[in-house]
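These notes concern the structure reproduced below.
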Amino acid sequence: MVKKAIKITITIMITAALLILLQNLLMPKYMTEILEGALISEYYREENKDHDVIFIGDCEVYENFSPITLWQEYGITSFIRGSAQQLIWQSYYLLEETLMYEKPKIVVFNVLSMKYDTPQKEAYNRMALDGMPLSVPKLKSIKASMMEDEKFITYIFPILRYHSRWSELSAEDFKYLFRKDKVTHNGYLMRVDVKPVTSIPQPKKLANYRFSDICYEYLDRMTRLCRENGIELVLIKAPTLYPHWYDEWDKQIEEYAAENGLLYINFLEYTDEIGIDYQTDTYDAGLHLNLSGAEKLTRYFGKILAEQFDLPDRRNDEGLSRIWAAKAERYALEMERQYAELEELGYLKAFNTRRDEDE
Amino acid sequence: MLFTSYNFILFLIAVFALYYIIPGKYQWILLLAASFVFYSFSGWDNVAYITVTIIVTYLGAVRIGKLYRQQEEWLKENREKLSREEKKAFRERIKSRQKKCLVFCLLFDLGILAVLKYTNFVISNINSTARLFNAGEISFLDIALPLGISFYTFQAVGYLVDVYRGKYPPEENLGKFALFVSFFPQLVQGPISRFDDLGKQLYEGHDFDAKNVSLGIQRILWGFFKKLVIADRIMPVVRTITQDPDTYQGVFVLVGMVFYAVQLYADFTGGIDITIGIAEVLGIRLKENFERPFFSKSTAEYWRRWHITMGTWFRDYVFYPVSISNAMMKISKFSREKFGEKTGKKVPVYLSTVIVWFATGIWHGASWNFVVWGLLNCLVIIVSQELEPFYAWFHNRFNVRGKFLFKLFQVGRTFLLMSAIRILDVYRNVPVTFRMYASVFTKWNLKELFGGALLELGLSRADYFVLLFGIIIMITVSLVQRTGSVREKMYARHEAIRYAAYAGLFIAIIVFGAYGIGYDSNQFIYNQF
Amino acid sequence: MEALIKILEELHPDVDFRNEKALIDDKILDSFDIISLITEINEEYGVRIPVDEIVPENFNSAEAIYKLIQKLQDEE
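As they're listed, the protein sequences go chains A, B and C.
Residue 1 is where the first sequence starts when you use my numbering, and the numbers rise one by one after that.
Residue 1001 is where the second sequence starts when you use my numbering, and the numbers rise one by one after that.
Residue 2001 is where the third sequence starts when you use my numbering, and the numbers rise one by one after that.
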């Protein structure tokens, strides 16, 4: 009887192990293409989760700020927890989850996602959620994010979603079966290529400019969560020219920030001070800044953070210095590598797939 | 709930667990509750329909049974006192009352089925006729067919007729009878069970038997494999071919025929495997519905091996009663006088056959496609009956009976014939189907097939490999099954082999199953992004 | 009994109905044969075989069929 129970247990364990192996094999790796999918999971591999600032939000955070620059110029440690078209409830639960690991002094949230009040795309959901380990905030985020045809169980067992990739497996899937490379620099996804702004499409008039209740609800929860944890919440709007940031929207956030005693910066208003040149500082004609633009923006924002919030300059900390020196070296190497590739091919291989406008 | 859905799997696990926790005498109550829950997923109005059928049939059978008991008592009391004629007269009076009850319930049960299923079909035909006279149209009724109504109605009707024929006494417990009609594994697509076989199994308690449970789960896995890996994978191809008949003519019609044959086989037998497997886990043995039908050597044999319980139902409750009814006997006499002994004898048989196949066709679906489908099957059967003398001559002349190649020919011929008739299921209407049949001969375009057309029907090269592999496994299992249960044979083998086979099956379903968003979308999220 | 054998032999001349005991089980008689048989029996013996008597036990051999006929004749 006991022997039988042991046999059954072993059988189940072997089968489970096989399935876990297959699951890891079949899940997309995001190492050579669509690097955006690898963003969320990189946070957990950070040995030293000790960040003064945590950025959360969509591509307007992970493409427009450089934590390395923030360290090198101000001695501020930061991490960007961004993902493609991250929706506000995903940001909220991601923040809740991050607080299980550390307590930053400042949380910076890009408010563009206030415009999305319903789940948008299954692909983006996956990129925001698959990288998170199982946790209560993750489960809540899944529930809030699922599109009509998505099934909850496929987030618990992603093999049920990705099994169809069996016929599309590539060398990448085997190479990164057990470990992944780092593609970001504390959450910043580097782009050195340049595509100047030529023309910006005329913004359409909207029927209704008021942000929906559910977005306000999550913004409230974010405000409350930060207040309860003694964290400063800073609302920002990145200086990207598209999607259009309407004045009516800007006003709502201004009002909200005023009512709740939060700092709100619309960087679009300060592009001159920041020194942004839309001919050289963007890689996709104004939707996102490239490395040059990101560093400029970071320099500008870092000053505000350091002065307004009394963030100490921690460059004298030996331990941190060592860690960040390594990061800076990796950052410099990546820069070199990208410039070289750009020189040779005229474009960056990892980013040469067709993309959507809204990220 | 679809069988192949996460909800259903969770539902099953819950039912199985509870079933073996509670004492045996309450198990049937759990099954009734589970069936109710299962059915309620398809809507409360559907629950109302099946409940009504259950109650009316229950009451009818109970009444008929009571009349039988009254008859027995009365006859016992008066055995000495009465003459033979008086006893016979009494029996006939009782029979007549029972008949009235039977007819009322039959009209009611079958009436619900008829109205819900065929009203719109009738309306569309009336409209077509009316259009000829510019006489306006009737609008269609907005009804959805209750889940499994064709199956549970037949099961209830079969029970009622059996009680009327005195085969067994009626079930006095309404709850137990309700379970018989609504037993959830067989609700969706059968098998159609008989009360004397299924009833007592449902109501008696079942102890946990590890072997039964194990075999049952294996069978369920096998069903999932056939449905998800094979049937659902083929679906896009069949859909592409049949929904665009003008593009896909000639050889593509044959491709569609063969693919649909495999798809329907895998889907239907897979679903039945899941059904019978579930029952097996519960300790209940349902009747087999398929017996390697594609190995049949004639159409008649095919219909003894495909959808078996439907065939036997129609035989016992339509074919026999119709063919030996008074009316048919009279027709038999009449035609023997008119057409001579030999031909006259055939008339009642063939006429009954046509009636049964018409009924079978219309039972499958409320459209002319299915009527023609039924009648074509009937035609093939009758023609092969008529060709008996030719066959006899043939086998006398050429000594091929029993030879392997000839058997192969018979199997191939039957497969092609059945596949050809079967595509009436999937083409839009009868004229299109016949146009497609014709195009096989008039628009033969074999070259197109080899120009890569197969890869543009909705399946990739990798998919074809999986299909091929899956079909080979299916055929192998069927070949092995000819000499006994495959699972029993596996049971006798070494544990490692058994583990490899069943774990392999389980993993194959998860990895290669044609389910989920990743499979529905034509492009992976790479391109979506 | 002879009349019955004759009827059976007319259906399938090559079968030895006097000795066969598995007419239904061995699929020697199919459902077409059954109803032809029943019609003939009705003509010959004047008995109506009801549907619920169409079971393998009653039709597996000529004896069984004959027993059925006799039983029904008694009930008349």
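We put the CB at the ideal spot given by N, CA and C, even for glycine.
Per DSSP, cross-strand counterpart(s) of Gly-57 (chain A):
A:Gly-82
Notebook entry, point to check: Going by alpha carbons, who is nearest to Val-1430 (chain B) out of B:Thr-1242, B:Asn-1127, B:Leu-1031?
Noted result: B:Thr-1242
- Mapping DSSP to helix, strand and coil, what is Tyr-162 (chain A)? helix
Go to Tyr-264 (chain A), then tell me how far its beta strand (DSSP E) extends in each direction, as first and last residue.
-> 263-266
CB contact check: Val-2051 (chain C) to chain B, cutoff 8 Å
yes
Practice item. Within the same chain, show all residues whose beta-carbon is closer than 7 Å to that of Leu-1067 (chain B), passing over the 5 residues directly before and after it, in chain order. Key: Ile-1094, Arg-1097, Gln-1098
- request: Spell out the partners DSSP gives Tyr-188 (chain A) in its beta bridges.
  value: A:His-185
Handout entry: Chain-ordered chain A contacts of Ser-1214 (chain B) [CB-CB under 8 Å]
Key = Within chain A, no residue comes near Ser-1214 (chain B); the closest Cβ sits about 10 Å away, beyond 8 Å.
| query | Beta-carbon of Phe-1225 (chain B) versus every beta-carbon of chain A: anything under 8 Å? | reply | no
| said: I'd like to know whether the C-beta of Ser-1335 (chain B) is nearer than 8 Å to at least one C-beta of chain C. | reply: no
7 Å Cβ cut-off: residues of chain C touching Met-1329 (chain B) = Thr-2039, Asn-2042
(Q) Would Asp-52 (chain A) and Ile-76 (chain A) qualify as a contact pair, given that the criterion is a beta-carbon distance under 8 Å? (A) yes
Kindly say whether Phe-1036 (chain B), judged by its beta-carbon, lies nearer than 8 Å to any beta-carbon of chain A.
no
Do we get a CB-CB distance below 8 Å when we pair Ser-1298 (chain B) with the residues of chain C? no
message = Tell me which residues of the segment 151-171 of chain A have at least one Cβ-Cβ distance to chain B shorter than 8 Å, keeping chain order.
response = Lys-151, Ile-153, Thr-154, Ile-159, Leu-160, Arg-161, Tyr-162, His-163, Ser-164, Arg-165, Trp-166, Ser-167, Glu-168
(request) Leaving out five residues on either side along the sequence, give the residues of the same chain with a beta carbon under 6 Å from the beta carbon of Leu-1457 (chain B). (result) Val-1237, Thr-1240
Handout entry: CB contact below 8 Å: Lys-2017 (chain C) versus chain B
Key = A quick correction: the sequence has Phe, not Lys, at residue 2017 (chain C). By this cut-off, Phe-2017 (chain C) is not an interface position.
- request: Flag Ile-2054 (chain C) as yes if its beta-carbon sits less than 8 Å from any beta-carbon of chain B, otherwise no.
  value: yes
Exercise for review: Give the single residue among A:Gln-85, A:Val-192, A:Gly-131, A:Lys-103 whose Cα lies nearest to the Cα of Asp-117 (chain A).
Suggested key: A:Gln-85
Between which two residues does the alpha helix (DSSP H) harbouring Val-107 (chain A) extend?
Note, Val-107 (chain A): premise wrong, no alpha helix (DSSP H); beta strand (DSSP E) at 106-110.
Self-check item: Any C-beta of chain A under 8 Å from that of Phe-1506 (chain B)
Solution: yes
Report task. In the DSSP assignment, find the beta strand (DSSP E) that holds Val-1532 (chain B) and state where it starts and stops. Result -> It is not possible to answer for residue 1532 (chain B), since the shown part of chain B is limited to 1001 through 1529.
Check whether the segment 294-307 of chain A touches the segment 213-228 of chain A, taking contact to mean three or more Cβ pairs, one atom from each stretch, closer than 8 Å.
-> no
Q | is_contact[Leu-35 (chain A), chain B] using C-beta, thresh 8 Å | A | no
Interface flag, Tyr-1320 (chain B) vs chain C, CB-CB below 8 Å: yes
How should Ser-1367 (chain B) be labelled, buried or exposed, when 16 other C-beta atoms within 10 angstroms of its C-beta is the threshold for buried?
buried
- Task: Quick one: give me the first and last residue of the beta strand (DSSP E) that Leu-235 (chain A) is part of.
- Result: 232-237
Hey, would you say the C-beta of Asn-1429 (chain B) is under 7 Å away from at least one heavy atom of the ligand ZN?
-> Summarising the ligand content, the structure contains no ligands, and the ligand ZN is consequently not present.
Check: chain B beta carbons: is any one of them nearer than 8 Å to that of Ser-2036 (chain C)?
Finding: yes
* To do: Express the C-alpha separation of Ser-83 (chain A) and Leu-1459 (chain B) in angstroms, rounding to a whole number.
  => 33 Å
Cβ of Ile-1217 (chain B) less than 8 Å from any chain A Cβ?
no
Practice item. Taking 8 Å as the cut-off, decide whether the C-beta atoms of Leu-225 (chain A) and Val-111 (chain A) are in contact. Key: no
| message | Taking the alpha carbon of Tyr-242 (chain A) as the reference point, which residue from A:Lys-349, A:Ala-285, A:Lys-296, A:Glu-228 has its own alpha carbon closest? | response | A:Ala-285
Quick one: using the 10 Å Cβ neighbour count with 16 as the cut-off for buried, is Ala-326 (chain A) buried or exposed?
exposed
> When the Cα atoms are used, what is the spatial distance from Ile-214 (chain A) to Gln-120 (chain A)?
Replying inline: 15 Å
ask   = What's the C-alpha gap between Ile-1423 (chain B) and Phe-1295 (chain B)?
value = 19 Å
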